[in-house]
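Protein chains in written order, with this note's numbering: chain A, 323 to 678; chain B, 323 to 678; chain C, 323 to 678. Glycine is no exception: its CB is placed at the ideal position from the N, C-alpha and C atoms. Written out below as structure tokens is the structure these notes cover.
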Amino acid sequence: MSEASPSKTAAGRFFEDFRLGETIRHATPRTLRDGDASLYSALYGSRFAPQSAESFARAIGYPASPIDDMLAFHVVFGKTVPDVSLNAIANLGYADCRFLKAVYPGDTLCATSEVIGLKENSNRQSGVVHVRSKGSNQRGEIVLDYVRWVMVRKRDPKSPAPEPKAPKLPEKVAVGDLGLACPPIDRAAFDPALSGSPRMFEDYVAGEKIDHVDGMTVEEAEHMIATRLYQNTAKVHFNQVSEGRGRFGRRLIYGGHVISLARALSFNGLANAFHIAAINGGRHVAPLFAGDTVFAWSQIVEAAGLPGRNDIGGLRLRTIATKDKPCADFPERQGEGYDPSVVLDLDYWALIPRRR
Amino acid sequence: MSEASPSKTAAGRFFEDFRLGETIRHATPRTLRDGDASLYSALYGSRFAPQSAESFARAIGYPASPIDDMLAFHVVFGKTVPDVSLNAIANLGYADCRFLKAVYPGDTLCATSEVIGLKENSNRQSGVVHVRSKGSNQRGEIVLDYVRWVMVRKRDPKSPAPEPKAPKLPEKVAVGDLGLACPPIDRAAFDPALSGSPRMFEDYVAGEKIDHVDGMTVEEAEHMIATRLYQNTAKVHFNQVSEGRGRFGRRLIYGGHVISLARALSFNGLANAFHIAAINGGRHVAPLFAGDTVFAWSQIVEAAGLPGRNDIGGLRLRTIATKDKPCADFPERQGEGYDPSVVLDLDYWALIPRRR
Amino acid sequence: MSEASPSKTAAGRFFEDFRLGETIRHATPRTLRDGDASLYSALYGSRFAPQSAESFARAIGYPASPIDDMLAFHVVFGKTVPDVSLNAIANLGYADCRFLKAVYPGDTLCATSEVIGLKENSNRQSGVVHVRSKGSNQRGEIVLDYVRWVMVRKRDPKSPAPEPKAPKLPEKVAVGDLGLACPPIDRAAFDPALSGSPRMFEDYVAGEKIDHVDGMTVEEAEHMIATRLYQNTAKVHFNQVSEGRGRFGRRLIYGGHVISLARALSFNGLANAFHIAAINGGRHVAPLFAGDTVFAWSQIVEAAGLPGRNDIGGLRLRTIATKDKPCADFPERQGEGYDPSVVLDLDYWALIPRRR
Numbered sequence: 323m324s325e326a327s328p329s330k331t332a333a334g335r336f337f338e339d340f341r342l343g344e345t346i347r348h349a350t351p352r353t354l355r356d357g358d359a360s361l362y363s364a365l366y367g368s369r370f371a372p373q374s375a376e377s378f379a380r381a382i383g384y385p386a387s388p389i390d391d392m393l394a395f396h397v398v399f400g401k402t403v404p405d406v407s408l409n410a411i412a413n414l415g416y417a418d419c420r421f422l423k424a425v426y427p428g429d430t431l432c433a434t435s436e437v438i439g440l441k442e443n444s445n446r447q448s449g450v451v452h453v454r455s456k457g458s459n460q461r462g463e464i465v466l467d468y469v470r471w472v473m474v475r476k477r478d479p480k481s482p483a484p485e486p487k488a489p490k491l492p493e494k495v496a497v498g499d500l501g502l503a504c505p506p507i508d509r510a511a512f513d514p515a516l517s518g519s520p521r522m523f524e525d526y527v528a529g530e531k532i533d534h535v536d537g538m539t540v541e542e543a544e545h546m547i548a549t550r551l552y553q554n555t556a557k558v559h560f561n562q563v564s565e566g567r568g569r570f571g572r573r574l575i576y577g578g579h580v581i582s583l584a585r586a587l588s589f590n591g592l593a594n595a596f597h598i599a600a601i602n603g604g605r606h607v608a609p610l611f612a613g614d615t616v617f618a619w620s621q622i623v624e625a626a627g628l629p630g631r632n633d634i635g636g637l638r639l640r641t642i643a644t645k646d647k648p649c650a651d652f653p654e655r656q657g658e659g660y661d662p663s664v665v666l667d668l669d670y671w672a673l674i675p676r677r678r
Numbered sequence: 323m324s325e326a327s328p329s330k331t332a333a334g335r336f337f338e339d340f341r342l343g344e345t346i347r348h349a350t351p352r353t354l355r356d357g358d359a360s361l362y363s364a365l366y367g368s369r370f371a372p373q374s375a376e377s378f379a380r381a382i383g384y385p386a387s388p389i390d391d392m393l394a395f396h397v398v399f400g401k402t403v404p405d406v407s408l409n410a411i412a413n414l415g416y417a418d419c420r421f422l423k424a425v426y427p428g429d430t431l432c433a434t435s436e437v438i439g440l441k442e443n444s445n446r447q448s449g450v451v452h453v454r455s456k457g458s459n460q461r462g463e464i465v466l467d468y469v470r471w472v473m474v475r476k477r478d479p480k481s482p483a484p485e486p487k488a489p490k491l492p493e494k495v496a497v498g499d500l501g502l503a504c505p506p507i508d509r510a511a512f513d514p515a516l517s518g519s520p521r522m523f524e525d526y527v528a529g530e531k532i533d534h535v536d537g538m539t540v541e542e543a544e545h546m547i548a549t550r551l552y553q554n555t556a557k558v559h560f561n562q563v564s565e566g567r568g569r570f571g572r573r574l575i576y577g578g579h580v581i582s583l584a585r586a587l588s589f590n591g592l593a594n595a596f597h598i599a600a601i602n603g604g605r606h607v608a609p610l611f612a613g614d615t616v617f618a619w620s621q622i623v624e625a626a627g628l629p630g631r632n633d634i635g636g637l638r639l640r641t642i643a644t645k646d647k648p649c650a651d652f653p654e655r656q657g658e659g660y661d662p663s664v665v666l667d668l669d670y671w672a673l674i675p676r677r678r
Numbered sequence: 323m324s325e326a327s328p329s330k331t332a333a334g335r336f337f338e339d340f341r342l343g344e345t346i347r348h349a350t351p352r353t354l355r356d357g358d359a360s361l362y363s364a365l366y367g368s369r370f371a372p373q374s375a376e377s378f379a380r381a382i383g384y385p386a387s388p389i390d391d392m393l394a395f396h397v398v399f400g401k402t403v404p405d406v407s408l409n410a411i412a413n414l415g416y417a418d419c420r421f422l423k424a425v426y427p428g429d430t431l432c433a434t435s436e437v438i439g440l441k442e443n444s445n446r447q448s449g450v451v452h453v454r455s456k457g458s459n460q461r462g463e464i465v466l467d468y469v470r471w472v473m474v475r476k477r478d479p480k481s482p483a484p485e486p487k488a489p490k491l492p493e494k495v496a497v498g499d500l501g502l503a504c505p506p507i508d509r510a511a512f513d514p515a516l517s518g519s520p521r522m523f524e525d526y527v528a529g530e531k532i533d534h535v536d537g538m539t540v541e542e543a544e545h546m547i548a549t550r551l552y553q554n555t556a557k558v559h560f561n562q563v564s565e566g567r568g569r570f571g572r573r574l575i576y577g578g579h580v581i582s583l584a585r586a587l588s589f590n591g592l593a594n595a596f597h598i599a600a601i602n603g604g605r606h607v608a609p610l611f612a613g614d615t616v617f618a619w620s621q622i623v624e625a626a627g628l629p630g631r632n633d634i635g636g637l638r639l640r641t642i643a644t645k646d647k648p649c650a651d652f653p654e655r656q657g658e659g660y661d662p663s664v665v666l667d668l669d670y671w672a673l674i675p676r677r678r
């Protein structure tokens, strides 16, 4: 016998393969190690003190230096790709993303996704799938919980449409849901000379705009190393033969790579906003390619106290990343769309120590 | 005094420097760390569950998450390069490669090579050297044992030829020699949702062909980072000044990098074949260069039970990697040679859990 | 309110912001992890045995495999950049750099700089600032101490000039100051087959020149990954948009990256010179760019015994690195300047075991 067995390879789910209410257990648990923290640092140059130094983390109240929030996010996200978005036409958005538990080197992350929304498109070629994905650690504790929706191709346009269902999503994560992954912070130990800035919660006011000044050029090797680190298998990031024939003629950079770059750049202006507590929503406005240089700026949307916590406060931030354009004039929405330089429009909550 | 001392630098051995029966102890012991596991993951995107996750490895019977078999191989191989193949014209092949002991983060690998074959070529310019190389850990246990043969230049074409001797090599590693590096596997704990596939030993039959579908484009930075990680010093991989004047005009990618890429791609179709137990032989059919995209397919050559083990079985696999050509039509040998896209033809044994 | 807040972002110090005698505490403590050692290895291919292998390090007398000296240097140096050299026109030199304490995985490094020299330039546009920077570990022990001087722009050319002051700097670090970071070495355990060379202290004589033979081509992704690993934020290394409009039209490679490359290449000829004890001085003669290939050679300037130590001796080395030119003919100073291939002229002390 000498026969091809395409059935052994993962073809990914098509729209009609999703059932409302089903929970998909994703493959490949992944232990986050010291080496992953080092690689994350080398890929983005992040400088937030608790993630950078054991001594700083322990001094302020962490049991150990935590894994960067976005590294945990990317690893959980990566697991969902083979099951959720291998046949996706577009990653439409995410919402209600809450970081519930700090992740430390040695922790092993797994992921599941529950199908919470299905709606066929009017062209009957595709549909929108909403999933609530959860990352958990080796003790079964949920570390991360978020909703993502993608447009997925149908295998057979004639297959019947499911009852349309779209979940209700909060416009933002409520302040009561922030801070769960953050231990009580000893503010006196949060040394501003070491953390890189004297600016604390009280120094930021709603409406304020901050240009993060610095720029970072991205190379093919870098974004592929990062995306493989996350075990994200989406072929658009890796396969020049297929992408060379595609819409852009080249490999697309994983959107999460852009978020991590923007976050690392935001240190210059938001050095003490050390923890991402939630992502309210985000749009990858335009694709990023190797050779492009990423810049970023942020607006303080809201500065909010956290119920029961006088150690830290929440800054709701809108961070916009651009390509090949410094952000001194804060490029953003423009008419119906965006300034052509904009690649990312991210809405999230970061935590920062209070002064009093 | 102001004199050049070329004698202090390693010139490598020429054909006449090898003595039949001598054992060479290679330099630079190397501790494999958590960081090496992370880098290996980032360089290839490997997803085999026991190597990816502590919790999975421990659940099925490993004392810890093992270092990827090919990472251990590359590190041992790298040590042999300065002594064995610095003056090699060609790396002709390997055989009888057995993985004898699992390697864990914290283990330190050393290597020795015994000269087991010598045969001058008829042109008297070079000769073929066979070595049996062994990698051992800090306890002196052999973790890896394999034969490699290379064509090595003579320093002086007039130096006398040794008695020709070529070792007998097995066509394949016997099934009784497989599984030594694999602890008893608790099949009930080998969760197929986490490992990425329900296909176990019984699902594969001899003759079956599997297209691994995905492609991976390689960049200069990636293959050099990998090859340095293995402390492999062969200048063809690193030195554009010398290679720019050479046969190809550019840096060659280390053949082992192609093996690791093909192995990582093979996850899509062979997700549960978690351990390479032996390499029967392999040919680097054509060179790979930066910018090329690697694809792979595998044929099941043989599916064999292991004496005394009902937990796992052995799949003898022939994995073929191509460049810039998807493998849906299984490109391979063609007339006297190979389909021009083929870069690797590898024959190895992988272990996979049995269902019963 | 919707207002830009440039004040929250670091603009760096201008010449008039430095006060003689002040001590600057730099931001971002950094824990060096196993993963950083792995990345360093992957970026440079270093092969010095104590840094490569736990077993070798412990056998000769270290409590653990130490972090590469230059990795510790780069991390300390990186911390000083935002405060000292963000507005630097030129990095003029360093001197009196002493490695005082070995650094091990798990150690956290912090840095301070004392302003020890200030001298306005005659054009009143800029001035020269000397700082003595110190890196310390989590126990407050100084691990590294060095002087650096940079030319820094003035914010306002009309601001008054400080009293000119230039520190006295030693031409070289005294032999009595070497060896503090090196435990007593058990020479009998320093196995030359494992370390890669039989050449010990007694085999090197002043005046001797060694061509390190090998060459290493550098890619953009590699030097950026390295420089971010060190949290060095100098924009010339990262931002193609700004550098594209600059003097060279491209990103400059961090000078420390060249030092680490030259050091790794020097293994071929200086395999047993396992520890950098001091840097006497160094000049980055010309910039290095991606695509360039680095070669190196060294001259033994002096071979000196260390007071009270019969285990190790000091080699004062001058290592010259070139780009795109092999070093068989030892290119160096030439008339008023240098051979056009030269990029680095480094003067340092390395320690090497004594035979008797």
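Check: Note down, in chain order, each residue of its chain lying with its Cβ closer than 7 Å to the Cβ of F512(C), except the 5 sequence neighbours on either side.; Outcome: I382 and P675
Check: At which residue ranges does the region 539-599 of chain C contain complete alpha helix (DSSP H) runs of 4 or more residues, listed in the order of the chain?; Outcome: 542-551, 562-566, 577-587 and 589-592
Check: Are the beta-carbon atoms of F421(B) and A600(B) separated by less than 8 Å?; Outcome: yes
Check: Using a 10 Å radius around the Cβ and a threshold of 16 neighbouring Cβ atoms, would you call P492(A) buried or exposed?; Outcome: exposed
Check: Are the beta-carbon atoms of V465(A) and A394(A) separated by less than 8 Å?; Outcome: yes
Check: If the criterion is Cβ atoms closer than 8 Å, does the pair Y576(B) and H545(B) meet it?; Outcome: yes
Check: Taking a contact to mean a Cβ-Cβ separation below 8 Å, would you say D646(C) touches D614(C) in this structure?; Outcome: yes
Check: Please list, in chain order, all residues of the same chain as Y384(C) whose beta carbon is under 8 Å from its beta carbon, the five residues on each side excluded.; Outcome: P372, A424 and P505
Check: Along the region 512-530 of chain B, where does the CB come closer than 9 Å to a CB of chain A? Name the residues.; Outcome: D513, P514, A515, L516, S517, G518, S519, R521, D525, Y526, V527, A528, G529 and E530
Check: What's the C-alpha gap between S629(B) and K441(B)?; Outcome: In the sequence on display, residue 629(B) carries Pro and not Ser. Approximately 37 Å, taken between the alpha carbons.
Check: Below 7 Å CB to CB, which residues in the same chain sit around F336(C) once its five sequence neighbours on both sides are set aside?; Outcome: N409, V474, R475, K476 and R477
Check: For the pair the region 400-409 of chain C and the region 447-466 of chain B, tell me if three or more CB-CB distances fall below 8 Å.; Outcome: no
Check: Please tell me whether F560(B) has its Cβ less than 8 Å away from any Cβ of chain C.; Outcome: yes
Check: Could you pull the start and end residues of the beta strand (DSSP E) that L673(A) belongs to?; Outcome: V664 to P675
Check: Evaluate the contact criterion for the region 514-529 of chain A versus the region 584-594 of chain A: three or more CB pairs, one atom per stretch, below 8 Å.; Outcome: yes
Check: Give the interface partners of D536(A) over in chain C, defined as CB-CB distance under 8 Å, in chain order.; Outcome: T555, K557, F560 and N561
Check: Find out if the Cβ-Cβ distance for the pair T555(B), D391(C) is shorter than 8 Å.; Outcome: no
Check: Chain A partners of R347(C), CB-CB under 9 Å?; Outcome: D513, A515 and L516
Check: In or out: A345(B) buried (at least 16 other Cβ within 10 Å) or exposed?; Outcome: Residue identity check: residue 345(B) is Thr in the sequence provided, not Ala. Its Cβ having fewer than 16 others within 10 Å, T345(B) is exposed.
Check: What first and last residue would you give for the beta strand (DSSP E) that runs through Y416(B)?; Outcome: A410 to F421
Check: On a CA-only basis, which of A386(A), A612(A), G334(A) and A618(A) is nearest A543(A)? Give me that one, please.; Outcome: A612(A)
Check: Note down, in chain order, all residues in the region 333-361 of chain C with a beta-carbon under 7 Å from any beta-carbon belonging to chain A.; Outcome: R347, A349, T350, P351, R352, T353, R355, D356, G357, D358, S360 and L361
Check: Buried or exposed, going by whether 16 or more other CB atoms sit within 10 Å of the CB of R655(A)?; Outcome: exposed
Check: If you draw a straight line from the alpha carbon of R631(A) to that of R572(A), how long is it in whole angstroms?; Outcome: 48 Å
Check: Between S663(A) and chain C, is any beta-carbon pair separated by less than 8 Å?; Outcome: no
Check: Please classify S368(B): does DSSP put it in a helix, a strand, or coil?; Outcome: coil
Check: Please confirm if L365(A) has its CB atom under 8 Å from at least one CB of chain C.; Outcome: yes
Check: Quick one: which chain A residues come within Cβ less than 7 Å of E624(B)?; Outcome: Result: empty, since nearest Cβ-Cβ is about 13 Å, beyond 7 Å.
Check: Give me the chain A residues within the contact set of N590(B), using Cβ-Cβ distance strictly less than 7 Å, ordered along the chain.; Outcome: T331 and A332
Check: So what's E309(B) in DSSP terms, helix, strand or just coil?; Outcome: Residue coverage of chain B in this structure runs from 323 to 678, which leaves residue 309(B) outside it and unanswerable.
Check: Apply the 10 Å Cβ neighbour rule to K330(A) and answer buried if 16 or more other Cβ atoms are within range, or exposed otherwise.; Outcome: buried
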